[in-house]
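All residue numbers for the sequence shown refer to the working numbering, where the first residue is 254 and numbers rise by one. Yeah, the Cβ is synthetic: ideal placement off N, Cα and C, and Gly gets one too. What you are looking at is a predicted structure, and each value in this text was computed from that prediction instead of being measured.
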Amino acid sequence: MLMLGLLLGPTYYVLCEYLSGEDGETFTLAERAARWTLPDGTILRFARGQAYRPVTLTLDPGMNLIAFLLTFEAAPESTDASKSTDNYEVTLLQSDQPIFERSLAVKLAPGSKATVETGKLALYYPGAYQFLLQEAGAPHVPVSQVRLQVRKHIKAPSLPLTASGLVLLVAGLALTLESYIPRRRSR
Numbered sequence: 254m255l256m257l258g259l260l261l262g263p264t265y266y267v268l269c270e271y272l273s274g275e276d277g278e279t280f281t282l283a284e285r286a287a288r289w290t291l292p293d294g295t296i297l298r299f300a301r302g303q304a305y306r307p308v309t310l311t312l313d314p315g316m317n318l319i320a321f322l323l324t325f326e327a328a329p330e331s332t333d334a335s336k337s338t339d340n341y342e343v344t345l346l347q348s349d350q351p352i353f354e355r356s357l358a359v360k361l362a363p364g365s366k367a368t369v370e371t372g373k374l375a376l377y378y379p380g381a382y383q384f385l386l387q388e389a390g391a392p393h394v395p396v397s398q399v400r401l402q403v404r405k406h407i408k409a410p411s412l413p414l415t416a417s418g419l420v421l422l423v424a425g426l427a428l429t430l431e432s433y434i435p436r437r438r439s440r
């Protein structure tokens, strides 16, 4: 019971959440500006910081679930700057409407890398989408480039199966530990 609970509970959850899916396209974001023009002529202005050049992604509901994996590469510095947390905002636009927005906190030290997943997204319509990455203020640690990787076909864990696994795991632990608990003697 203990092994079955371990397989159906935590192991199944970790496999679905962190190890399922396929790598899709990879893009490098390096150019930043306070305004960008989208392919349809829309001009985007960013008041709170700069944004990386928008990336056009061709996405399809057949790719569901998808996630965006961002790898931030900090520029090396000659000074002994410490590790710092910078905030970024991710937006996915369909036409000019945001359909996915996330705030990210990225902890970086000069010359290091940090990888952040933005969360999962289910698409309903195929087409061209615009991916925007914006700085939420001036970064403490300058970033030389950001790699964007699209992950596709990510499996969502089944809640009843995971819960059943956890129940089996707890019951198996209770039965295993029961023999080690001293019993009271009655007089």
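Check your understanding: CB GLY441 to CB GLN402, shorter than 8 Å?
Key -> Nothing can be reported for residue 441, as the shown portion of the chain is limited to 254 through 440.
Practice item. Could you tell me whether the stretch 336-356 touches the stretch 375-392, where touching means 3 or more Cβ pairs closer than 8 Å? Key: Judged by Cβ distances under 8 Å, the stretch 336-356 makes contact with the stretch 375-392, as three or more pairs qualify.
Check your understanding: How far does the alpha helix (DSSP H) with GLY418 in it reach, from first residue to last?
Key -> Residue numbering aside, residue 418 sits at position 165 when the sequence shown is read from its first letter. In the DSSP assignment, GLY418 falls within the unbroken alpha helix (DSSP H) covering 412-431.
Review point. Who are the Cβ neighbours of GLY364 in its own chain at under 8 Å, not counting the five residues just before and after it?
Key: Here residue 364 corresponds to residue number 111 of the sequence shown, with the count starting at 1. Residues ALA327, ALA328, PRO329, GLU330 of the same chain have their beta carbon placed closer than 8 Å to that of GLY364, with the five preceding and five following residues left out of the count.
Check your understanding: By a C-beta neighbour count over all protein chains shown, 10 Å radius and 16 as the cutoff for buried, is MET256 buried or exposed?
Key -> Taking the sequence shown and counting its residues from 1, one reaches residue 256 at position 3. Answer is exposed; the Cβ neighbour count stays below 16.
Check your understanding: With respect to the beta strand (DSSP E) encompassing GLY277, which residues constitute its N-terminal and C-terminal limits?
Key -> As a position in the sequence shown, residue 277 is number 24, starting the count at 1. According to the DSSP assignment, GLY277 belongs to the beta strand (DSSP E) that extends over 275-282.
Check your understanding: Near GLY390, which residues of its chain fall below 7 Å by C-beta distance, leaving aside the five closest residues on each side in sequence?
Key -> As a working note, residue 390 is residue 137 in the sequence shown. ARG301, GLY302, ASN340.
Check your understanding: LEU255 lies in the alpha helix (DSSP H); which residues open and close that run?
Key -> Residue numbering aside, residue 255 sits at position 2 when the sequence shown is read from its first letter. Run containing LEU255: 255-259, per the alpha helix (DSSP H) assignment.
Exercise for review: Using beta-carbon positions only, say whether LEU259 and LEU312 come within less than 8 Å of one another.
Suggested key: Here residue 259 is taken as the residue at index 6 of the sequence shown, counted from 1. Here residue 312 is taken as the residue at index 59 of the sequence shown, counted from 1. Cβ distance not < 8 Å, so LEU259 and LEU312 don't count as in contact.
Check your understanding: So, is ALA304 buried or exposed, given that buried needs 16 or more other C-beta atoms within 10 angstroms?
Key -> The residue given as residue 304 occupies position 51 in the sequence shown. With 16 or more other Cβ atoms within 10 Å, it is buried.
Check your understanding: Is the beta carbon of GLU275 sitting closer than 8 Å to the one on PRO410?
Key -> Taking the first residue of the sequence shown as 1, we reach residue 275 at position 22. Taking the first residue of the sequence shown as 1, we reach residue 410 at position 157. With contacts defined as CB atoms closer than 8 Å, GLU275 and PRO410 fail to qualify as a contacting pair.
Practice item. With DSSP collapsed to three states, give me the class of PRO351. Key: In the sequence shown, the residue the question calls residue 351 occupies position 98. Three-state result, PRO351: strand.
Check your understanding: Per DSSP, which one or two residues make a beta bridge with ASP339?
Key -> As a working note, residue 339 is residue 86 in the sequence shown. Note: ASP339 sits in a beta bridge opposite VAL359.
Exercise for review: Kindly indicate which three-state DSSP category LEU376 falls into: helix, strand or coil?
Suggested key: Counting from one through the sequence shown, the residue named residue 376 turns up at place 123. It is coil, neither helix nor strand.
Check your understanding: Under a three-way DSSP split, which group does THR264 fall into?
Key -> Counting from one through the sequence shown, the residue named residue 264 turns up at place 11. Helix, per DSSP.
Exercise for review: Can you tell me which of the three DSSP states GLU270 falls into?
Suggested key: Taking the sequence shown and counting its residues from 1, one reaches residue 270 at position 17. It is helical.
Review point. Would you report the Cα separation of LEU426 and ALA283, rounded to the nearest angstrom?
Key: In the sequence shown, the residue the question calls residue 426 occupies position 173. In the sequence shown, the residue the question calls residue 283 occupies position 30. Between LEU426 and ALA283, the alpha-carbon positions lie close to 51 Å from each other.
Exercise for review: Within the same chain, show all residues whose beta-carbon is closer than 8 Å to that of THR281, passing over the 5 residues directly before and after it, in chain order.
Suggested key: Locating residue 281 in the sequence shown gives position 28, where the first residue counts as 1. Hits under 8 Å: GLN398, VAL399, ARG400, LEU401.
Exercise for review: Confirm, please, whether the CB-CB distance from THR324 to THR368 is below 8 Å.
Suggested key: Taking the first residue of the sequence shown as position 1, residue 368 is located at position 115. Taking the first residue of the sequence shown as position 1, residue 324 is located at position 71. A distance below 8 Å separates the beta carbons of THR368 and THR324.
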